[in-house]
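Order-wise, the sequence lines are chains X and V. According to our numbering, the residues represented by the first sequence are 1252 to 1689, in order. According to our numbering, the residues represented by the second sequence are 139 to 297, in order. Ideal Cβ positions, reconstructed from N, Cα and C, are used throughout, including at glycine. Computed from a predicted model, the values in this text were never measured in an experiment. Right, one structure below, let's go through it.
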Amino acid sequence: MTTTATVRPDDASATALSTTELAAVRADFPLLERTVRGGQPLVYLDSAATSQKPQVVLDAGVDFYEQRNAAVHRGAHQLAEEATEAFEQARAAVAAFVGADEGEIVWQPGATAAINVVAYAFSNATLGRGGDAAERFRLAPGDEIVVTEAEHHANLVPWQELCARTGAVLRWIPVSDDGRLDLSNLDALVTERTKVLAFGHVSNVTGAVAPVATLVAAARRVGALTVLDACQSVPNMPVDFHALGVDFAAFSGHKMLGPTGVGALYGRRELLEAMPPTITGGSMVEVVTMESTTYAPPPQRFEAGTQMVAQAVGMGCAAQYLDELGMEGVARHETELAAEMLKIADIPGVQVIGPLDTANRLAVVSFVVDGVHAHDVGQVLDDKGIAVRVGHHCAQPLHRRFGVAATARASASVYTTVEEVVAFREALAGVRAFFGAE
Amino acid sequence: MSTLEQMYQQVILDHAKRPVGHGLVELAAGHGHLAGESHQVNPTCGDEVTLRVDVTPAGTVAGVSWEGQGCSISQASVSVMTSLVEGADLAEVARLDGLFHDLMSSRGKGLDDDAAEDALGDATAFTGVSQYPARIKCALLGWAALKDSLARSGALATS
């Protein structure tokens, strides 16, 4: 670990990462040194889409391939032992980082795959797979699955599909004008018919943090299982799945300073043990005959085929990197950047989609500019070396809710500076003039 | 001129603000006219256009009308295309479509063909767009709608 940056959560005067600490963090990320669009410094404000990677994470992948590469969980040779150890140590690091036990973290290609594993487990159980143990995963026509209007497509479409396959009914918690969930009708939405309550921890559009305790309590009252999309929360704030009390959670490696191609499914142990597999094949079995197969216990039951071992090792390294940085400090850093970003609401013609206060929100700020399309906004910012996301951010229903087809979005990570956000604000202030918008 | 200014040329900004042919016109096919409508969406950004075309019995474009929403490049491109193809015969429309696609593949270099660039007229203003791979599809959205609406009208089959 090369980072020297540390924060002291117990020090009330510590606002966030100090200038020195932030400089040390930035020095860990080689890509941040490059220039774009004619030699300008890169201002990367698209970390909610994918984060940049520190050198230690890049090195971890290379080191694995150079020194330890072998198939895991098989073979008796030394390399196989070392590869397996690296793979399982990474799992332990990720588990510790998110408040889970090792056996409760299942490697997946990403968060989308992780959510689909749960959705298809319900499907397979409904078709009779999994025996008596899988009863909690069986759906009948009239059963309901509740999501929210704020979901990323990854936590919406798999549930729509599950409903289409099983006859269950999809319902959703609406979003208020301020971008937060409207829980005024929660008791009517989450009822005895509800079998799953799936929701995002932090919206990738509005940055709003969902009231997890309230939603988990509502689900528990009626015996529904909760599925948390934690993609935006895990990289930017302390997350403890045991403390949150959710049943399942999904998050990706590439948004938390780790590699692409790897993510994780968290499941409470007793649920993973009861859940039928989705992807079947090698490595996830106990005894295979020509007639039938018995399955390995979790997490291996959900890890069929050769796994993305180098990426998993990289994701474990990223979890350790963030852990050493201290997530309390990272969260304060996020709040400080959110406050700086939200000042764009003072620019004439700029409207923020989402909460305007920094309480329970992260530095993910989507906005529209009166008279200028989001793509044109993004292009002018890009001309100054400022990278933002434009489009619907895989959340079309939420955009429809606000009557817009597309927004531009600025988002931060541990390496983002206030100076970068100021540069973004200044560039944004000139956008309407460029297009001659009155 | 910066690459950004090359992309957003004044003619493009003017067309985006005061688009030609904007506002769908009822199609009253008759007297041998053929009419077609097409709705095109760019799924990656949500830009869309609904375009109607009216073709005379002689095979010339009598009128184009459209509605849409999207970035200035996509909306201006439909507008420029409308002013370019109205009154043109179908062979000329096909030639212009081919030339505009060539222009969009030119990576900012243009067509190096004066006759071709004369034919494209204001549409050559989109040369700068071809330097930005992510934006080429914006400029092509309207052309896709025109081609599809002509196909739906049956005019391409009879010409």
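Take the alpha-carbon of Ala1439 of chain X and the one of Ala1362 of chain X: they are about 29 Å apart. For the C-beta of Leu151 of chain V, the chain X residues within less than 7 Å are, from N- to C-terminus, Phe1686, Gly1687. When Cβ-Cβ separations below 8 Å define contact, Thr182 of chain V makes contact with chain X. Here the C-alpha atom of Gly1458 of chain X lies approximately 11 Å from the C-alpha atom of Glu1585 of chain X. Ranking X:Val1564, X:Tyr1517, X:Asp1498, X:Gly1577 by CA distance to the CA of Ser1269 of chain X puts X:Gly1577 first. Contact check for Leu1273 of chain X against Thr1668 of chain X passes: the beta carbons are separated by less than 8 Å.
Taken through DSSP and simplified to helix, strand or coil, Leu1378 of chain X comes out as coil.
Look at Ala1300 of chain X: its C-beta is not under 8 Å from any C-beta on chain V.
Following the DSSP letters along the chain, one finds Asp1314 of chain X inside the alpha helix (DSSP H) bounded by residues 1306-1314. The shortest CA-to-CA distance from Lys1594 of chain X to any of X:Val1673, X:Met1535, X:Ala1563 is the one to X:Val1673. In this structure Met1535 of chain X is not in contact with Ala1341 of chain X, their Cβ atoms being roughly 19 Å apart against a cut-off of 8 Å. Contact note: Asp1627 of chain X reaches chain V through Cys209, Ser210, using a C-beta cutoff of 7 Å and chain order. Within the stretch 1646-1661 of chain X, Ala1656, Ala1657 place their CB atoms closer than 7 Å to a CB of chain V, listed in sequence order.
Contact of Leu165 of chain V with chain X by beta-carbon distance below 8 Å is absent, the smallest such distance being about 26 Å.
Listed along the chain, the chain X residues whose CB falls inside 9 Å of the CB of Leu162 of chain V amount to none; the nearest CB is some 18 Å away.
The beta-carbon of His1624 of chain X is placed less than 8 Å from the nearest beta-carbon of chain V. In the structure shown, Gly201 of chain V adopts extended strand secondary structure according to DSSP, grouped into three states. In the structure shown, Pro1648 of chain X adopts helical secondary structure according to DSSP, grouped into three states.
When rounded, the separation of the alpha-carbon atoms in Thr1377 of chain X and Pro1409 of chain X is 15 Å. When DSSP reads this structure, Ile1424 of chain X sits in a beta bridge with X:Thr1399.
Per DSSP, the unbroken beta strand (DSSP E) holding Phe1450 of chain X starts and ends at 1445-1451. At a cut-off of 8 Å between beta-carbon atoms, Leu279 of chain V makes no contact with chain X.
A distance of 8 Å or more separates the beta carbons of Gln148 of chain V and Ala283 of chain V.
Each residue's CA atom was taken as its position, placing Val1665 of chain X and Leu1296 of chain X some 11 Å apart. The beta carbons of Phe1502 of chain X and Val1485 of chain X sit about 4 Å from each other, so the pair counts as a contact at 8 Å. Excluding five sequence positions before and after Ala1469 of chain X, the CB atoms of its chain that fall closer than 6 Å to its own CB belong to Leu1437, Val1441, given in chain order. Residue contact with chain X for Leu288 of chain V: absent (no Cβ-Cβ distance below 8 Å to any residue of chain X). Around the beta carbon of Gly208 of chain V, a 10 Å sphere encloses 16 or more other beta carbons of the protein chains shown; the residue is thus reported as buried. Contact annotation: in the stretch 1628-1644 of chain X, residues whose CB is within less than 8 Å of a CB in chain V are Gln1630, Val1631, Asp1634, Val1641, Gly1642, His1643.
As DSSP reads the structure, Gly206 of chain V sits in a beta bridge with V:Val187. According to the DSSP assignment, Val1619 of chain X belongs to the beta strand (DSSP E) that extends over 1615-1620. Two segments are said to touch when three or more pairs of C-beta atoms, one from each, lie closer than 8 Å; by this definition the stretch 1656-1664 of chain X does not touch the stretch 1315-1327 of chain X. At a cut-off of 8 Å between C-beta atoms, Leu222 of chain V does not count as an interface residue with respect to chain X. Counting along the chain, His177 of chain V sits inside the beta strand (DSSP E) bounded by residues 172-180.
Residue burial annotation: Glu143 of chain V is exposed, with fewer than 16 other C-beta atoms found within 10 angstroms of its C-beta.
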